[in-house]
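Counting from 1, one number per residue, gives the positions in the sequence shown under full-length UniProt numbering.
Beneath this line is the structure, given in structure tokens, with notes to follow.
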Amino acid sequence: MNHQPAALHTQAATLRAWLAEADRVLITAGAGLSAAAGYDYGDTDRFQELFPALYRLGLRSRYLVGVPLPSALLWGYWAVHIDDIRYSSAPNPLYQRLRSIVGDKDHWVMTSNVDALFPRNGFAADRVFTPQGDYGRYQCTTPCTPATWDSKPLVDRLLSAYDPHTGAVTDPDVMPRCPNCDGSVEINVRIGPEFIDDPYLPAGRRLQEWLNEAPADARLLILEFGAGFNTPGV
Numbered sequence: 001m002n003h004q005p006a007a008l009h010t011q012a013a014t015l016r017a018w019l020a021e022a023d024r025v026l027i028t029a030g031a032g033l034s035a036a037a038g039y040d041y042g043d044t045d046r047f048q049e050l051f052p053a054l055y056r057l058g059l060r061s062r063y064l065v066g067v068p069l070p071s072a073l074l075w076g077y078w079a080v081h082i083d084d085i086r087y088s089s090a091p092n093p094l095y096q097r098l099r100s101i102v103g104d105k106d107h108w109v110m111t112s113n114v115d116a117l118f119p120r121n122g123f124a125a126d127r128v129f130t131p132q133g134d135y136g137r138y139q140c141t142t143p144c145t146p147a148t149w150d151s152k153p154l155v156d157r158l159l160s161a162y163d164p165h166t167g168a169v170t171d172p173d174v175m176p177r178c179p180n181c182d183g184s185v186e187i188n189v190r191i192g193p194e195f196i197d198d199p200y201l202p203a204g205r206r207l208q209e210w211l212n213e214a215p216a217d218a219r220l221l222i223l224e225f226g227a228g229f230n231t232p233g234v
């Protein structure tokens, strides 16, 4: 006999009771939440659909950090990947359901996800802390400056010269360069020690202030969803 529905019903009832009793809610989320929402980096079928050329090369998932690809292939991958996961305009039912569950409770979000699915689905952007970065920004690789830049125009230029058959960006003139020093650039996510976290620190400070300033008798409910294996401590 399958007891899973009964167990889920009990868990849902417990969550509703906790939410009813809570004065504040802190949502913490990792890659598993976005995977459940349809953005599974390990989904081989989706990878083959989006990146047929890379699939033919033997690659099977979006976990490509450290894979030594030529620049034209690497930026082709980034353009398609970011356009799919960061700039998709379709609302996401799972994230919207989570937003409706929290309702008008005083809440914050801290997430290692860099896809902006929280603010894109009704969560206030100024109450979402993303310490691992955002696909919506890019930076100098050196870095020569603490500045970061909007990645949407960059992604659009790359896609305009993208060849789905080869998986490569075919026009060298659209390959990204640092607007400040003309050096190489990368997406503004925590890949290595060169990561620029300046855009995200103010939200982290506001979150800490929100936690510190809570009344002594305030009841804080912490909800953790989908902690990933890359950065479980975040």
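All C-beta atoms, glycine included, are put in the ideal place defined by N, C-alpha and C.
Return helix, strand or coil for residue i, following the three-state DSSP convention.
i    : result
H165 : coil
V67  : coil
T145 : coil
I196 : coil
N2   : Annotation note: pLDDT 49 at N2 (below 50); position unreliable, coordinate value reported separately. Looking at N2 - three-state DSSP - the assignment turns out to be coil, as it is neither helix nor strand.
F47  : helix
N188 : strand
Hey, how far is the Cα of residue i from the Cα of residue j?
i    : j    : result
N2   : F123 : Because N2 sits at a pLDDT of 49, beneath the cut-off of 50, its placement in the model cannot be relied upon, and the following sentence gives the value as read from the coordinates. Cα to Cα, N2 sits roughly 36 angstroms from F123.
A17  : V25  : 13 angstroms
S143 : I196 : According to the sequence as given, residue 143 is Pro; it is not Ser. The alpha-carbon atoms of P143 and I196 are separated by roughly 8 angstroms.
P215 : F225 : 26 angstroms
Y135 : G66  : 17 angstroms
D173 : L221 : 51 angstroms
R206 : G133 : 16 angstroms
Would you decide whether residue i is buried or exposed? Buried here means 16 or more other CB atoms lie within 10 Å of its CB.
i    : result
R86  : buried
E186 : buried
Y95  : buried
A90  : exposed
L117 : buried
With the cut-off set at 9 angstroms, would you say residue i and residue j are in Cβ contact?
i    : j    : result
P131 : Y200 : yes
M175 : A72  : yes
L19  : I101 : yes
R56  : F47  : no
E194 : Q139 : yes
Under 8 angstroms from any heavy atom of the ligand SAH, does the C-beta of residue i make it?
i  : result
P5 : No copy of the ligand SAH occurs in the structure displayed, which carries no ligand at all.
Specify whether the stretch 138–149 and the stretch 44–63 touch according to this definition: at least 3 beta carbon pairs, one from each stretch, less than 8 angstroms apart. Not touching, per the Cβ criterion.
Specify whether the stretch 151–160 and the stretch 190–207 touch according to this definition: at least 3 beta carbon pairs, one from each stretch, less than 8 angstroms apart. With a cut-off of 8 angstroms, the stretch 190–207 and the stretch 151–160 do not count as touching, because too few Cβ pairs lie within range.
Segment contact flag, the stretch 112–123 with the stretch 29–41, C-beta cutoff 8 angstroms, min 3 pairs: Yes: the two stretches touch, three or more of their Cβ pairs being nearer than 8 angstroms.
Is the stretch 162–173 touching the stretch 66–78, taking contact as three or more C-beta pairs under 8 angstroms? Output reads yes: the stretch 66–78 touches the stretch 162–173.
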